[in-house]
Structures are given as C-alpha cells and as structure tokens.
Amino acid sequence: MDIKPAITVGGLNFEWDLAEGRFLFEGQESVLFWTASAMKMFFDSIEEISGKDAANVVLESTGFRQGLVVGEYFQGMKGVSIEEAAGLITNTYASAGWGLAEIKELNEETQTLEVHLKNSWEHTINIAQGKEQGGSFLPAHYAGIFSSLFKQNIWYKVVHHQLDGFEESVIQYFPSEETIEKNIHHLSRLKEAEKINELERLVDEKTRELNEMIKEISSPLIPVLEDIVVVPLLGSYDEARAEELLVKTLQNLPTHKAKYLILDLTGLNNNFTQPAAMLIEKLGLTAAMIGTQTVLVGISAKMSMTITESAIDLSKFNCFQTLQHGIHYALAQNGRSII
Numbered sequence: 436m437d438i439k440p441a442i443t444v445g446g447l448n449f450e451w452d453l454a455e456g457r458f459l460f461e462g463q464e465s466v467l468f469w470t471a472s473a474m475k476m477f478f479d480s481i482e483e484i485s486g487k488d489a490a491n492v493v494l495e496s497t498g499f500r501q502g503l504v505v506g507e508y509f510q511g512m513k514g515v516s517i518e519e520a521a522g523l524i525t526n527t528y529a530s531a532g533w534g535l536a537e538i539k540e541l542n543e544e545t546q547t548l549e550v551h552l553k554n555s556w557e558h559t560i561n562i563a564q565g566k567e568q569g570g571s572f573l574p575a576h577y578a579g580i581f582s583s584l585f586k587q588n589i590w591y592k593v594v595h596h597q598l599d600g601f602e603e604s605v606i607q608y609f610p611s612e613e614t615i616e617k618n619i620h621h622l623s624r625l626k627e628a629e630k631i632n633e634l635e636r637l638v639d640e641k642t643r644e645l646n647e648m649i650k651e652i653s654s655p656l657i658p659v660l661e662d663i664v665v666v667p668l669l670g671s672y673d674e675a676r677a678e679e680l681l682v683k684t685l686q687n688l689p690t691h692k693a694k695y696l697i698l699d700l701t702g703l704n705n706n707f708t709q710p711a712a713m714l715i716e717k718l719g720l721t722a723a724m725i726g727t728q729t730v731l732v733g734i735s736a737k738m739s740m741t742i743t744e745s746a747i748d749l750s751k752f753n754c755f756q757t758l759q760h761g762i763h764y765a766l767a768q769n770g771r772s773i774i
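In the working numbering, the protein residues as written are 436 to 774.
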C-alpha cells in the first residue's frame, strides 16, 4: 500500500506520521473528523446538555475566540497586509475543508467587509441536524479573525444563510461594542428572567389555589338545626373577602330556608374593627330583607367597646355571649328547645 507522508495542496502542507498517530496541517497538530456524522454528534451533544439558546452562545463564543487565535497568527506574518492575510486565510480554510470563503468589500479605513461562505462544514452539519436556521460558529469565527487583524473589536450581521435557500451565506462585519462576553451575560440574565417568570407563575398559581381554598373554608355556612344556620367569622376581612362572605351567605340562606342567621364573632379576636362592624351590620340588614333574622354571639368586652365607640348601631340585633345561648334563643322563638 502506497502511503504518502506529506502532500502540498494550494501551497499548504499536510503531513502524516502514522507511527506516532499524528496529523499536521502547516506544521501544526490537527485532527480530521467526518462532518455530517461525528461533528454533528458533537454539536447535538452540546445542544442536548446545555439547550439550544446556550449552545448557540457556546458555539458563537468558541468560534470568535478561535478566530482571534487565527487572526493573531496571520497578523504575526511580517510584510503581509490585512488584504493579503485575508486571501491567505480563505485559501487555507478551503484546503482544510472549511468550505469556500470569499472576502469582499474589505475597507481597512472603516474596518468593514463582507464574507461570502459556501458549502461550509457548519452548513453541512446544520443540514444533517435538520436545522431551519444557520449556525453562529463561522460568522463569529471571522469576526474574531478580523478583530485580531484590525486590532479592533469586530462584530457581524448575517444578511442571509445558505441554509435559507441562497447560493451562499453572506455576513457583514463592522466595528462594534457587541462582544461575546455581553452575549454570555445576556444569556445569563435571560435564563434568570425565565427562572423568575417561572417562579412568579408558580407563586400566582399557588396563590390562586390558596385563595380558592380560603373561599371554601373561610366563614362557612353551617346548618346546625332546622331553620338555623351559623356563620363563624374568622380573621380579618378586606373588601374582597367581605364581599365574598356577603354574597356566599345571602345566596345560601334561601337554600337552607334559614329563619335565623347566627354570626359567631369569637374568631375575630383582635381583628374586630370598624370595617368588621360595618360588614356585620350590612350582612344583618341584607339578610333581614329576605326574611332571615340575625343573631350575634361571641361578643367580648373589647368588641363591645369597639361597637360603642363606633357610629355603627348593632343594637338592632340580638346579642349573646356564647353560640349555645344564640341557638337556644333561636329555638325558643319557634317554641322549641334542646332536650
């Protein structure tokens, strides 16, 4: 078998040292991989582990930083202008299987240019992956190259990708304050924002569930005996909760054919305020309009003082110290008693 240890293609040297298992490209250690299979698997793995958005930033950052290294190499060549270096780079990359690249509209004064890419290895991988949008590695890679050559941060804008159905990809390059570091930070903030939004969504969901639970267990309507229902008032009542109590009670009183509504104020404790007294008055007066008499029980000495100091008159309702007394009273009005 005839094995050539070295070959020159397009002025570039390729060497193989099979005894040592080494491949050299222009005297530098290199590797060869199948693009549409092995390299595709590499790209797929990055996406699978880090997610598509993060993978795009990883590839973009890697491409840019590798470009900086390449640019520094060509910049170090004595007597080679930026325009000449651009020609050497495209020839080198074509020989290395990176696809056909052409540098157009290179302007060293404005530090702008266009790169036209055709049949690049990244395009081949994107097709194998079934992508609908071209990758960011090579566009960022050339930005890194010319950032080194111009000694100025250069960024890019993709006019269109070959993957979009064009003959070639066209990328514009220009001086910019946009950097891979900013993109990494932007991705981090985006991920943080997504996490915060997800937590806020969970909080809102749990809050709704809790509010529904509170509605169910807060101030329940309890039919204790025929014609008599008890509503224990618990905690504090804001406008929304007071409205919920009022509506729920008035809707259910006819269902239970209640003649007596006993409001147990024991659970109000220190939450018995003037708004609470107004709620009780409103509930009692409204219940009376549908034929239900309101009885108040569990009034403490402190509550009595609050009621006396307020402008609200609860004396129109029969008041008792305990729930038992209130139930006995309601029964007595119908000539009944508990035996």
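For every residue, glycine included, the Cβ atom is placed at its ideal position computed from N, Cα and C.
Asked: DSSP three-state call for GLN728: helix, strand or coil?; Found: strand
Asked: What are the boundary residues of the beta strand (DSSP E) that LYS737 is part of?; Found: First-last for LYS737: 736 to 744, but that is the alpha helix (DSSP H), not the beta strand (DSSP E).
Asked: Residue range of the beta strand (DSSP E) that PRO574 falls in?; Found: Careful: PRO574 lies outside any beta strand (DSSP E), inside the alpha helix (DSSP H) at 572 to 585.
Asked: If you compare alpha carbons, which of PHE585, SER555 and GLU464 is closest to GLU394?; Found: Coverage of the chain is limited to positions 436 through 774, which leaves residue 394 absent and any answer about it impossible.
Asked: My guess is that HIS551 and LEU598 are in contact by the Cβ rule of under 8 Å, so how many angstroms apart are they, rounded?; Found: About 14 Å; that fails the 8 Å criterion.
Asked: Buried or exposed: which applies to PHE386, given that a residue is buried once 16 or more other Cβ atoms fall within 10 Å of its Cβ?; Found: Missing from the structure shown is residue 386; the chain here goes from 436 to 774 and no further.
Asked: Report the option in MET740, GLY579 and THR708 whose CA atom is closest to the CA atom of TRP590.; Found: GLY579
Asked: How long is the line joining the alpha carbons of GLY445 and ILE538, rounded to whole angstroms?; Found: 18 Å
Asked: Bridge partners for SER604 per DSSP, in chain order?; Found: LEU552
Asked: Whole angstroms are fine: how far does the CA of THR743 sit from the CA of LEU669?; Found: 21 Å
Asked: Identify whether THR497 lies in helix, strand or coil by the three-state DSSP scheme.; Found: helix
Asked: Would you grab the beta carbon distance between LEU696 and ALA722 for me? Rounded to a whole angstrom, and I think it's under 8 Å.; Found: 5 Å
Asked: Which of the three DSSP states, helix, strand or coil, is assigned to PHE477?; Found: helix
Asked: Quick check: the region 557 to 573 against the region 487 to 497, are there 3 or more CB pairs under 8 Å?; Found: yes
Asked: Answer with buried or exposed for VAL682, where buried requires no fewer than 16 other C-beta atoms within 10 angstroms of its C-beta.; Found: exposed
Asked: With distances taken from CA atoms, which of GLY514, GLU674 and ASN448 is nearest TYR528?; Found: ASN448
Asked: Between the region 538 to 548 and the region 600 to 609, can you find at least three pairs of beta-carbon atoms closer than 8 Å?; Found: yes
Asked: Below 8 Å on the Cβ atoms is my guess for ALA521 versus MET512; work out the distance and round it to an integer in Å.; Found: ALA521 to MET512, Cβ: 12 Å. No contact.
Asked: Which residues mark the beginning and the end of the alpha helix (DSSP H) in which SER530 is found?; Found: 517 to 530
Asked: How is the alpha helix (DSSP H) around THR684 delimited, first residue to last?; Found: 674 to 687
Asked: If you run the structure through DSSP and keep just helix, strand and coil, what is MET436?; Found: In this prediction, MET436 scores a pLDDT of 45, lower than 50, which makes its location untrustworthy; the coordinate-derived value is nonetheless stated afterwards. Coil, per DSSP.
Asked: Note down the Cα distance separating THR729 from GLU633, rounded to an integer number of angstroms.; Found: 47 Å
Asked: Taking the alpha helix (DSSP H) that ALA454 belongs to, which residues open and close that run?; Found: First-last for ALA454: undefined, no H or E at that position.
Asked: Go through its chain and collect everything with a Cβ distance to MET436's Cβ below 7 Å, but skip five positions before and after it.; Found: Residue placement at MET436 cannot be trusted, given a pLDDT of 45 that sits under 50; what the coordinates show is reported in the next sentence. Closer than 7 Å at the Cβ level, and outside the excluded window around MET436, lies no residue.
Asked: Considering just the uninterrupted stretch of the alpha helix (DSSP H) at ALA765, what are its terminal residues?; Found: 758 to 768
Asked: Taking buried to mean at least 16 other C-beta atoms within 10 Å of its own C-beta, is ASP699 buried or exposed?; Found: buried
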